[in-house]
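The structure under discussion appears below in the form of structure tokens.
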Amino acid sequence: MTPLFKKFLGMNWLLVLNIAGLIVFGVYAIFNASAHKEEAEFAFKWRDQIRWVMFGLPFFFAASLIDYKWVRWACLPMYLAGIGGLVAVLLIGVEIGGNKAWIRVGGQMIQPSQFAIMSGILILAVIFGELPRLLPVFRRPWLRIMLAGMLAGVPAVMVIKEDLGSGLVWGPVFLSMMLVGSIPFRYMITMLLGVVSVVPLVYVFALKPYQQARINSTWYMVTNQLDKVDLQNEGWVAKHLQIAVSTGGLEGKGPESKKVPDQASIHRTFFPHESINDFIFGVIAEEFGFRGSVLVLSGMLLLLLQSVFVAFCARDQLGRLIVIGVVAMFFVHTFQNAGMNLVMLPVIGLPMPFVSYGGTFVVVTLFLMGMVQSVWVHRNISAVKKKRSVNGPRHDEDEEE
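Numbering (our numbering), first residue to last: -13 to 387.
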């Protein structure tokens, strides 16, 4: 049996089945939300989703079977490539839905911000997990925080300028990796207090008027102050999301609702084009009801819990940090997507992993879950090497690898 095949058999297949279930459910939800459309560009989005999944599977298996230690030398080139993609957006970006966050490559629309967050997770894992061992000077926590803050801050600011939702993911990811990266709590508390003190300034001076209006309208709707919400403007989407979710009931309207007039389906009438990505949870709540919503959230919860278990089983700090970064990213996406569809959070576009439609996002999420699988597959490699070297000369880990 070849070592590669042994690694393949040693993958966490329960995690693979979990991912496959979410993808299948997502494709079915996308089909249910778009197949009724007359425009071929939108009617066959579910087929495009399948193509992107098939394109991303080689990245998933390649990342799973190759030892994740390669990120020690590849994280910097990947990070620079991510920055290059964000610069390309500023120069030749294509605006879709009011956001200039895409570039056209070979006839396909690519979102570089997704590659930036992916490479950001890898380079932060190396800074917090490997750099103190390679360069003793970085054993000082404040030096690691400064370096990580600069490397994460540049792409975060560039992404926020293009897409506020994607940019906000950087904060929770950074804090989660700091928590696991042996940073003392006093540093984290100081940073959190600094961020909280800056939030009002960001709201007043950095956010655009329509972004402030979305936050205000969500707050008024949550606190039942509907008289202060302009339901024909900033409250339009939130109002119809509430109607779509509430009319789904326990069992939902069902996939057969495409046979009734459009007026019976809220998402098909009021936000038909965004229903397959940002508002996919609203579609699930309307078509499959409370049961379907709980099902997809339970699937995501199981995925996150399994990933946390992988982090506990990691053989070193680098692997643990990679997994925690991925978990933080997926949690933020799921929390924001479900929260805004339930009108508990402002409408800031973030797709739900493996469920929402998205070409670049699907490939990135599959690659990141491949990195999680790599941490699982190679969790016992150090123990095996030590066992083999019991009767032989001792070598340090770097030389053996």
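For every residue, glycine included, the Cβ atom is placed at its ideal position computed from N, Cα and C. Predicted model only: the values in this text are computed from it and were never measured.
Each residue's CA atom was taken as its position, placing residue 276 and residue 152 some 27 Å apart. Taking C-alpha positions only, residue 262 is separated from residue 11 by approximately 12 Å. A direct Cα-to-Cα measurement between residue 317 and residue 164 gives close to 16 Å. In this chain, the alpha helix (DSSP H) harbouring residue 59 covers 57 to 78. The three-state reading of DSSP puts residue 97 in coil, since its state is none of H, G, I, E or B. The bridge partners DSSP lists for residue 86 are 81. Apart from the 5 residues on each side of it in sequence, residue 305 sits with its Cβ closer than 7 Å to the Cβ of 54 and 361 in its chain, given in chain order. Segment contact: the stretch 90 to 108 against the stretch 280 to 287, fewer than three CB-CB distances shorter than 8 Å; contact not assigned. Residue pairing from DSSP places residue 91 in a beta bridge opposite 94. In the displayed model, residue 301 falls within coil according to three-state DSSP, outside both helix and strand. Counting the other Cβ atoms within 10 Å of the Cβ of residue 235 gives fewer than 16, which makes it exposed. Going by C-alpha positions, residue 104 is about 9 Å away from residue 64. Shown here, residue 234 sits in a helix according to DSSP, grouped into three states. Going by C-alpha positions, residue 365 is about 15 Å away from residue -11. Pairing residue 312 with residue 297 gives a Cβ-Cβ distance that is not under 7 Å. C-alpha of residue 180 to C-alpha of residue -6: approximately 46 Å in a straight line.
One alpha carbon belongs to residue 133, the other to residue 113, and they sit about 8 Å apart. For residue 173, the enclosing alpha helix (DSSP H) covers residues 171 to 187. Assignment of residue 192 by DSSP, reduced to helix, strand and coil, places it in the helix class. One Cα belongs to residue 178, the other to residue 207, and the distance between them is close to 28 Å.
In the pairwise beta carbon analysis, the stretch -1 to 16 is classified as touching the stretch 339 to 357: at least three pairs are separated by under 8 Å.
Counting along the chain, residue 4 sits inside the alpha helix (DSSP H) bounded by residues -1 to 20.
Here residue 232 is exposed, its C-beta having fewer than 16 other C-beta atoms within 10 Å. Counted as a single uninterrupted DSSP element, the alpha helix (DSSP H) harbouring residue 50 occupies residues 31 to 51. An exposed status is given to residue 183, since fewer than 16 other beta-carbon atoms sit within 10 Å of its beta-carbon. Of the candidates 219, 292 and 264, 264 places its Cα closest to the Cα of residue 324. Rounded to the nearest whole angstrom, the C-alpha separation of residue 174 and residue 124 is 17 Å.
For the 7 Å CB-CB criterion, residue 100 and residue 353 do not form a contact. The three-state reading of DSSP puts residue 157 in helix, counting H, G and I together. Only residues of its own chain outside the window of five on either side were considered, and among them 127 have a CB closer than 7 Å to the CB of residue 170, listed in chain order. In this structure residue 74 touches residue 89 by the C-beta definition: roughly 5 Å separates them, less than 8 Å. At a Cβ-Cβ threshold of 7 Å, residue 138 and residue 167 do not count as neighbours. For residue 265, there is no enclosing alpha helix (DSSP H), as DSSP marks it with neither H nor E.
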